[in-house]
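*Asks:* Please find one structure pasted underneath; my questions will follow.
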Amino acid sequence: MSYTNSIIFGPIPSRRFGISLGIDLSPGKKQCNYDCLYCELEAAPTVETMDEYPSVEEIIKEIKTNLLKHDRIDVLTLTANGEPTLYPKLDELINEINKIKNDTKTLILSNGSTIYDESIYNTLLKIDTVKLSLDCVSQKSFKKLDRFHKGIDISKIIKYMAKFSKETKNLFVLEILFVKSINDKKEEIDLLYKAVQEINPARVDIGTIDRPPAYNIKPVPFETLESVAKTFEGINVNIAYKNRPVQELSFSEEDILSLLPRRPLTKEDIKNTFSEESKIHLEKLVNENKINLVNSSGVDFYKVL
Ligand code: SF4
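Just so we're on the same page, the working numbering is the position in the sequence shown counted from 1, plus 12.
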């Protein structure tokens, strides 16, 4: 069978993971159990599983060819025109990839909705980095923003994300996308913080829409993301935002030592908010081992340990 798009895309250099080779598990059409307001793909009815997909043999053949063709591939990124965990042979595919990948890492980008399916849960445990989304906690916002397939239960998703986070020996990153007037209210942010504390992932990436989606929705301003990062006290929060505003804030050594346990900062945060003098204070604290630079799946955080 031939597909509209090819199974493999890239390699693409990625800031976090190095050189990434993308694997599209649904190259023919969009197949997803969500219909998010912010989706950049064409609208399609939600589905429970894929009914049109490449075989494991086809995918493995393509991966082998590409691994031979390119000098360096750091990560195989499993994604889809839709939701990759709806690929019916995911477990078999991961087992086969794990036999041939050598030092190359595996990464999956999923909406997180299938985590409480036992077979998918167990398959995710075999992937080097699992990045799952969680945009809302209240049923009302979840329904409004992610427009999920019937039967999906948000409280079960959170419970199983927490279980997964404890059990996995690999990296688990959570992603939250904020949309104006939907999941940016205080009550929703407080609920998300509670869920994030329960889940305790290695890192939380927060962001907003940056390309106009099909529906008329608006991004949140940078200040909202900054305020979410402050609310998520003690969590490794990475703000993903194009053209971040540059500030010049002053922090003494004491300020830095009291700030970082509440809000671990990334190199980008420092670059955009610290004055030159504050950067010198920070460097001194790093040299004195009072502050450490801790890597969380490709993002460095300054933390007091
Ligand atoms: S989960 Fe991803 S692919 Fe599915 S509708 Fe939402 S944004 Fe689109």
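Each residue gets a CB set at the ideal place from its N, CA and C atoms; glycine is no exception. Here the structure is a predicted model, which is why all the values come from computation and not from measurement.
Looking at C-alpha atoms only, which residue of Leu277, Leu53, Glu200 is the closest neighbour of Ile188?
*Replies:* Glu200
*Asks:* Can you have a look at Leu317 and say buried or exposed, based on whether 16 or more other CB atoms are within 10 angstroms of its CB?
*Replies:* exposed
*Asks:* Rounded to whole angstroms, what's the CA-CA distance from Asn114 to Ile24? Just pull it up for me.
*Replies:* A straight-line Cα-Cα distance of about 19 Å links Asn114 and Ile24.
*Asks:* Between Glu52, Arg28, Glu74, which lies nearest to Lys279 when the distance is taken from Cα to Cα?
*Replies:* Arg28
*Asks:* How would you call Asn195, buried or exposed, if buried means at least 16 neighbouring beta carbons within 10 angstroms?
*Replies:* By the neighbour-count rule (16 or more Cβ atoms within 10 Å), Asn195 is buried.
*Asks:* Hey, would you say the C-beta of Asn195 is under 8 Å away from at least one heavy atom of the ligand SF4?
*Replies:* no
*Asks:* Assuming the contact rule is C-beta atoms closer than 8 Å, Glu60 and Lys42 should be a hit. Round their C-beta distance to whole Å, please.
*Replies:* The beta-carbon distance between Glu60 and Lys42, rounded to whole angstroms, is 14 Å. This is too long to meet the 8 Å contact definition.
*Asks:* To test your reading of the DSSP string, which unbroken beta strand (DSSP E) runs of 3 or more residues are found completely within the segment 176-221?
*Replies:* 183-190, 215-220
*Asks:* List the endpoints of the continuous alpha helix (DSSP H) containing Phe234.
*Replies:* 234-243
*Asks:* What do you reckon, is the C-beta of Glu130 under 8 Å from a heavy atom of the ligand SF4?
*Replies:* No; taking the cut-off as 8 Å, the Cβ of Glu130 has no heavy atom of the ligand SF4 nearer than that.
*Asks:* Please indicate yes or no: does the CB of Glu52 lie closer than 8 Å to some heavy atom of the ligand SF4?
*Replies:* yes
*Asks:* Confirm the yes/no value for this check: CB of Ser308, any heavy atom of the ligand SF4, distance under 8 Å.
*Replies:* Answer for Ser308: no, Cβ out of range of the ligand SF4.
*Asks:* From the DSSP output, which residues share a beta bridge with Gln43?
*Replies:* Gly94
*Asks:* DSSP state of Asn304, grouped into three classes?
*Replies:* Correct three-state label for Asn304: strand.
*Asks:* Just checking Ser167 against the ligand SF4 - is the residue's beta carbon closer than 8 Å to any of the ligand's heavy atoms?
*Replies:* no
*Asks:* Determine the burial state of Ile19: buried for a count of at least 16 other Cβ atoms within 10 Å of its Cβ, exposed for fewer.
*Replies:* buried
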